[in-house]
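Chains A and B, in that order, give the protein sequences.
For the first sequence, my numbering begins at 437 and goes up steadily by one.
For the second sequence, my numbering begins at 52 and goes up steadily by one.
What follows is a single structure, written as structure tokens, with notes after it.
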Amino acid sequence: MDSFLIYKAILVLVIFVVSLVIAMYSTILERKFAAWIQDRVGPNRTGPGGVLQPLADGVKMFMKEDIIPAHAHKFLFKAGPMIAMTTALMASVVIPFGKTLLIGGKEYALQVSDLNIGILYVFAMVSIGVYGIMIGGWASNNKFSLLGALRASSQMISYELAMSLSLISVIMASGTLSMSEIAQQQSGWHWNVITQPLSFIIFLICAFAETNRTPFDLPECETELIGGYHTEYSSMGLGLYLFAEYVNMFISSAVMVTLFFGGYNIPYIEKLGLAHNLETILGVLFFFVKTGFFILFFMWVRWTIPRFRFDQLMNLGWKYMIPLALINILVTGGLILIFDYFK
Amino acid sequence: MLSLSNRKKVIEQGELSFMEKLYLPVIAKGLGITVKHLFKRKVTIKYPEQKRSFAKIYRGLHVLKRDEQGRENCTACGMCAVACPAEAITMISAERKKGEEHLYREEKYASVYEINMLRCIFCGLCEEACPKDAIYLTDRTVDSEYNRDTFIYGKDKLVEKIDNRIDISQRKIKTEQKLDKLK
Numbered sequence: 437m438d439s440f441l442i443y444k445a446i447l448v449l450v451i452f453v454v455s456l457v458i459a460m461y462s463t464i465l466e467r468k469f470a471a472w473i474q475d476r477v478g479p480n481r482t483g484p485g486g487v488l489q490p491l492a493d494g495v496k497m498f499m500k501e502d503i504i505p506a507h508a509h510k511f512l513f514k515a516g517p518m519i520a521m522t523t524a525l526m527a528s529v530v531i532p533f534g535k536t537l538l539i540g541g542k543e544y545a546l547q548v549s550d551l552n553i554g555i556l557y558v559f560a561m562v563s564i565g566v567y568g569i570m571i572g573g574w575a576s577n578n579k580f581s582l583l584g585a586l587r588a589s590s591q592m593i594s595y596e597l598a599m600s601l602s603l604i605s606v607i608m609a610s611g612t613l614s615m616s617e618i619a620q621q622q623s624g625w626h627w628n629v630i631t632q633p634l635s636f637i638i639f640l641i642c643a644f645a646e647t648n649r650t651p652f653d654l655p656e657c658e659t660e661l662i663g664g665y666h667t668e669y670s671s672m673g674l675g676l677y678l679f680a681e682y683v684n685m686f687i688s689s690a691v692m693v694t695l696f697f698g699g700y701n702i703p704y705i706e707k708l709g710l711a712h713n714l715e716t717i718l719g720v721l722f723f724f725v726k727t728g729f730f731i732l733f734f735m736w737v738r739w740t741i742p743r744f745r746f747d748q749l750m751n752l753g754w755k756y757m758i759p760l761a762l763i764n765i766l767v768t769g770g771l772i773l774i775f776d777y778f779k
Numbered sequence: 052m053l054s055l056s057n058r059k060k061v062i063e064q065g066e067l068s069f070m071e072k073l074y075l076p077v078i079a080k081g082l083g084i085t086v087k088h089l090f091k092r093k094v095t096i097k098y099p100e101q102k103r104s105f106a107k108i109y110r111g112l113h114v115l116k117r118d119e120q121g122r123e124n125c126t127a128c129g130m131c132a133v134a135c136p137a138e139a140i141t142m143i144s145a146e147r148k149k150g151e152e153h154l155y156r157e158e159k160y161a162s163v164y165e166i167n168m169l170r171c172i173f174c175g176l177c178e179e180a181c182p183k184d185a186i187y188l189t190d191r192t193v194d195s196e197y198n199r200d201t202f203i204y205g206k207d208k209l210v211e212k213i214d215n216r217i218d219i220s221q222r223k224i225k226t227e228q229k230l231d232k233l234k
């Protein structure tokens, strides 16, 4: 039992650090990627090729004066970024990063907690994440922040619906809510994206909206709302908000990989007959490669297309995404019935 | 109306077609464009290590030339100041004393010679006006400063140093060609 607890503690720590490091290096990658797309070089002064830029940014954020506006609600103003960051990190609990590790004859799963309602847990965490934005925007006592928070919450509500509806067809097909089981079922080439392409596209679009990324970055658009909900934030408060966005990006990429792209499963690896631990480690690497691709995809989209107008955003969410997701559920249900009938 | 260039495109903003309403096909097209740029050659010049090469006849910071013996060419005739469209040049003339023959080429010289770099438009008319081969524009640039006063360059900054001559041969050729054309 002790070794189990120690293992879990280490795993939590590792995942925590890995998420933070990935988020940290996403910031520099984002700037580099933007630069490359715009035929520029990007930040390249701090360290070789600019690799130390995130550290410099972090130090800068810490050193800045932390200003609380005169009429802001002090407690909530402080709590906002904390909630945003905590919830962003908490969603990684149910993500299966790999198969099992054999240590001293015992099998340890590379997942902090295999909740039997894993997907619901992710949704719960993501929706609490919007409280961080709402509270921060409201507590700043600034009209732009409030507008940003307002947009964030309405956007979240409209897209969360479509997101969960799109996943229902996946859950119907796999018959479980547990993330690790869904990942396991996709071994070989049984990736859900092949059987559920529409569900994946809807989920992807909603993930953009959930993470407040372009084209759905209305809560924090610089041009209209001067930063939206984090207008009044300075120092590490701002840092946490910006950072939470990148953590969210990592988590949603990881969720996407787990649910649609086979998670940690490498097709045909069992034919190589590798040692169990080696196979697991390769699987973890594969998982992170796929996750990295989606993080890049988030950035790629951000530097390609402009922002949606608010009415377009709502139209898309309510009039296209949700009906499409419902149709998808219907079709999936029908197909399952037909397959069961002919079995 | 009569089209002069025939390059005008009339764009009508009608209803979006079904494919356009889906957004995704056009977004995919856009992604294709950006990914092409990802592998393009970068246009950035990494400044302190790498400098943009100037044209040989670049019109930058002025220099007041000395002759081969290190004597100042300028005789403070004021032609440059008259030619200057921006009225950036001003000077005070003085008479050469005995024993100063090694400093100034002719009997009269400029004791004060100032160019206001904020007024100067770097047109190069001063060098065309100069009868004494004294002032030239070079491929150097004017440094940025915090204070407006420091942009008024005196002789200390304009006259070339004896041990650090500034090559204006390219510029000279260009000016001569131009003057030949005028003749």
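Cβ coordinates follow ideal geometry from the N, Cα and C atoms, glycine included.
Selected residue, minimal CA-CA separation from Glu-152(B), among Gly-121(B), Asn-57(B), Phe-173(B) and Ala-185(B): Gly-121(B)
Beta-carbon neighbours of Val-737(A), restricted to chain D and to distances below 8 Å: In summary, chain D is missing from the structure at hand, where the protein chains are A and B.
Span of the beta strand (DSSP E), counted from its first residue to its last, around Asn-552(A): First-last for Asn-552(A): undefined, no H or E at that position.
Cβ pair His-88(B), Gln-620(A) closer than 9 Å: no
With a Cβ-Cβ cutoff of 9 Å, do Ile-588(A) and Val-566(A) count as a contact? Position check: residue 588(A) holds Ala in this sequence, whereas Ile was assumed. Their beta carbons are under 9 Å apart, which means Ala-588(A) touches Val-566(A) by this criterion.
Residues near Ala-180(B) by beta carbon distance below 6 Å, same chain, minus five either side: Met-130, Cys-131 and Ala-134
Coarse secondary structure for Thr-647(A), derived from DSSP in three states: coil
Can you give me the Cβ contacts of Glu-157(B) inside the same chain, cut-off strictly under 6 Å, excluding the 5 residues immediately before and after it? Thr-126
Going along chain A in order, which residues have a C-beta closer than 7 Å to the C-beta of Leu-115(B)? In chain order: nothing, as chain A lies at least about 38 Å away.
Anything in chain B within Cβ reach of Ile-473(A), meaning under 7 Å, just list it in chain order. Thr-85, His-88 and Leu-89
Mind listing which residues of the region 454-487 of chain A have their C-beta closer than 9 Å to chain B's C-betas, in chain order? Phe-469, Ala-471, Trp-472, Ile-473, Gln-474, Asp-475, Arg-476, Val-477, Gly-478 and Asn-480
How far does the alpha helix (DSSP H) with His-113(B) in it extend, from its first residue to its last? No alpha helix (DSSP H) contains His-113(B), which is instead part of the beta strand (DSSP E) from 113-115.
Check distances from the C-beta atoms of the region 90-114 of chain B to those of chain A and list, in chain order, the residues that come in under 9 Å. Phe-90, Lys-91, Arg-92, Lys-93, Val-94, Thr-95 and Lys-97
Go ahead and label Ser-600(A) buried or exposed: buried means 16 or more other beta carbons lie within 10 angstroms of its beta carbon, across all protein chains shown. buried
Please classify Arg-222(B): is it buried, with 16 or more other beta-carbons within 10 angstroms of its beta-carbon, or exposed? buried
Provide the residue span of the alpha helix (DSSP H) that contains Glu-466(A), from first to last. 438-473
Close beta carbons around Val-548(A), own chain, < 7 Å, minus the five adjacent residues each side: Lys-444, Leu-447, Val-448, Ile-451 and Val-529
If you measure from the CB of Gln-474(A), is any heavy atom of the ligand GTP nearer than 8 Å? You won't find the ligand GTP in this model; it holds no ligand whatsoever.
Residue of Ile-618(A), Glu-466(A), Ile-593(A) and Val-606(A) minimising C-alpha distance to Ala-645(A): Ile-593(A)
Please identify the residue among Gly-516(A), Pro-517(A), Glu-706(A) and Met-460(A) whose C-alpha is closest to the C-alpha of Gly-494(A). Met-460(A)
Using a C-beta cutoff of 9 Å, does Ile-741(A) count as contacting chain B? yes
Cα separation between Gly-673(A) and Asn-751(A)? 33 Å
Rounded to the nearest angstrom, how far is the Cβ of Arg-743(A) from that of Pro-651(A), given a contact under 8 Å? 5 Å
Within 9 Å of any Cβ in chain B, is that where the Cβ of Leu-613(A) sits? no
In angstroms, rounded to a whole number, what distance separates the CA positions of Ile-516(A) and Asn-167(B)? Before going further, note that residue 516(A) is Gly rather than Ile in the sequence given. When rounded, the distance between both Cα atoms is 55 Å.
On the DSSP bridge assignment, give the partners of Lys-542(A) in chain order. Ile-539(A)
By DSSP, does Lys-163(B) sit in helix, in strand, or in coil? For the record, residue 163(B) in the displayed sequence is Val; it is not Lys. Here Val-163(B) sits in strand by DSSP.
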